[in-house]
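The block underneath contains the structure these notes are about, expressed in C-alpha cells.
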C-alpha cells in the first residue's frame with residue numbers, strides 16, 4: 012500500500028501570493044473605478060435594505076427575548092412574593108387566634124377576680140342548638156372535670172346560664188335568654204325582688220323582661236340586676252344586667268322593667284363554670 016507524502020506550503024510563498032492578490036484588487040479598483048462603482052452602487056441598493064431588514068429583525072428578536080426573560084423573572088418574583096404573602100397571612104391568622112385566646116383568658120381572669128369567693132374552672136364552648144343565639148350550648152368539660160347539673164355558668168361580666176345535662180366529657184348549658192329560663196333576682200341597691208324571664212324574641216331587641224317588682228320599690232334606670240339569695244339554683248349576687256326601662260303594671264301592685272344583659276349571646280367562646288354547689292355556699 013502506497014502513501015503519498017504530504018507537502019507543506021512555505022509560509023513565505025503563501026504570504027507573497029496573498030500580497031499579490033491584494034495588489035491586483037487595489038489596481039482594479041483604481042483603473043476600473045467606474046465599473047467598480049457601478050457594482051458597489053448595485054450592491055448597496057440591494058444589500059443595504061436587506062441588511063437594514065435583518066438588523067430590524069435582530070433588534071425585534073432581541074427585544075422580544077429580553078421581554079420574555081423579563082416576564083419569566085417577574086413571574087418567578089411574583090411566585091416568590093405570593094409565597095411570602097401566604098406565609099405572612101398564615102402568621103397573621105395564627106397571631107389573631109392567639110390574641111383572641113389571650114383576650115378571652117383576660118376576660119375570664121377579670122371575671123374570676125369579681126367573684127373571688129367562688130371556685131371556678133374555665134371551659135370552651137364547642138357547639139350550640141339551632142337557634143341563632145346561644146340559648147342552649149355545649150361546653151367541653153363534663154363530670155370527669157367536676158361539672159354537675161345545676162352548676163352556674165358565667166361569661167363576659169356576669170351570668171350566662173346553668174348546666175342542665177352533664178356527661179363524662181361535655182355538658183349542656185341553658186342560657187338565661189332561653190324561653191324556659193326563669194331566675195329569682197333582685198335589683199340593687201334597693202334589694203327589690205323580681206324575676207328575670209328568658210325570651211328569645213325579646214332578646215332580639217336587646218333586653219329581657221324583669222317582672223314581679225313591688226310597685227313601691229325604688230328602682231331606677233341603670234340599677235344592677237343580680238341573682239337573689241333566695242334562688243334555689245343560682246348563687247347570690249351574680250350580675251345579670253342593668254335596668255333600661257321601667258313601667259307600672261295594670262294591676263297597680265307591681266312594676267315591670269327591661270334589663271340589658273352583660274353577656275353577648277351572639278357569640279360565646281369561653282366560659283367560667285362555678286364548681287361550688289349552691290347548697291355548699293348556703294351552708295357557709
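Residue numbers (the numbering used here): 12 to 295. Quick reminder that beta carbons are idealized off the backbone N, C-alpha and C, glycines included.
CA-to-CA distance, residue j to residue i, given in whole angstroms
i           : j           : result
residue 268 : residue 95  : 56 angstroms
residue 70  : residue 77  : 10 angstroms
residue 188 : residue 88  : 55 angstroms
residue 240 : residue 124 : 20 angstroms
residue 127 : residue 159 : 21 angstroms
residue 67  : residue 82  : 22 angstroms
residue 251 : residue 141 : 24 angstroms
residue 195 : residue 162 : 16 angstroms
residue 145 : residue 278 : 7 angstroms
residue 238 : residue 177 : 23 angstroms
residue 264 : residue 152 : 44 angstroms
residue 292 : residue 249 : Interpretation of residue 292 is limited by its pLDDT of 44, a score under 50 that renders its predicted location unreliable; the figure taken from the coordinates is listed afterwards. When rounded, the distance between both Cα atoms is 13 angstroms.
residue 213 : residue 207 : 12 angstroms
residue 131 : residue 197 : 23 angstroms
residue 275 : residue 245 : 20 angstroms
residue 14  : residue 22  : Low per-residue confidence applies at residue 14: pLDDT is 46, beneath 50, and the placement is therefore not dependable, though the value from the model is reported in the following sentence. C-alpha separation (whole angstroms): 24 angstroms.
residue 175 : residue 104 : 35 angstroms
residue 154 : residue 135 : 15 angstroms
residue 99  : residue 169 : 37 angstroms
residue 32  : residue 38  : 10 angstroms
residue 164 : residue 102 : 33 angstroms
residue 319 : residue 273 : Outside the displayed span of the chain (12 to 295) sits residue 319, for which this structure offers no information.
residue 91  : residue 74  : 25 angstroms
residue 182 : residue 97  : 38 angstroms
residue 295 : residue 129 : The predicted model places residue 295 with a pLDDT of 42, which falls under 50 and marks its position as unreliable; any figure quoted below should be read in that light. For residue 295 and residue 129, the distance between alpha carbons rounds to 12 angstroms.
residue 312 : residue 230 : Not covered by the structure: residue 312. The range shown for the chain is 12 to 295.
Extent of the continuous alpha helix (DSSP H) run through residue i
i           : result
residue 212 : 211-214
Per-residue DSSP class, three states only, for residue i
i           : result
residue 195 : strand
residue 94  : helix
residue 134 : strand
residue 188 : coil
residue 139 : strand
residue 249 : coil
residue 74  : helix
residue 289 : helix
residue 235 : strand
residue 229 : coil
residue 149 : strand
residue 294 : Because the pLDDT at residue 294 is just 46, under 50, the model does not fix this residue reliably, and the point stays unresolved.
residue 14  : Only weak support exists for where residue 14 lies, its pLDDT of 46 falling under 50; the coordinates are left without a value.
Below-8 angstroms beta-carbon distance, residue i vs any chain E residue
i           : result
residue 188 : No chain E appears in the structure shown, which is made up of a single protein chain.
Which listed residue (the options) has its alpha carbon closest to that of residue i
i           : options            : result
residue 285 : 173, 86, 191       : 173
residue 185 : 28, 210, 34, 80    : 210
residue 259 : 227, 247, 169, 91  : 227
residue 200 : 236, 215, 169, 225 : 236
residue 270 : 168, 231, 220, 204 : 220
residue 133 : 29, 139, 150       : 150
residue 288 : 281, 202, 242      : 242
residue 179 : 216, 157, 170      : 157
residue 166 : 86, 26, 281        : 281
residue 143 : 266, 35, 215, 224  : 215
residue 217 : 24, 253, 229       : 253
Where the beta strand (DSSP E) containing residue i begins and where it ends
i           : result
residue 207 : 203-208
residue 223 : 219-225
Taking only runs of the beta strand (DSSP E) that begin and end inside the segment 151-176, which ones reach a length of at least 3 residues, in chain order?
163-166
What residue ranges within the segment 252-286 form continuous beta strand (DSSP E) runs of no fewer than 3 residues, ordered along the chain?
265-272, 281-285
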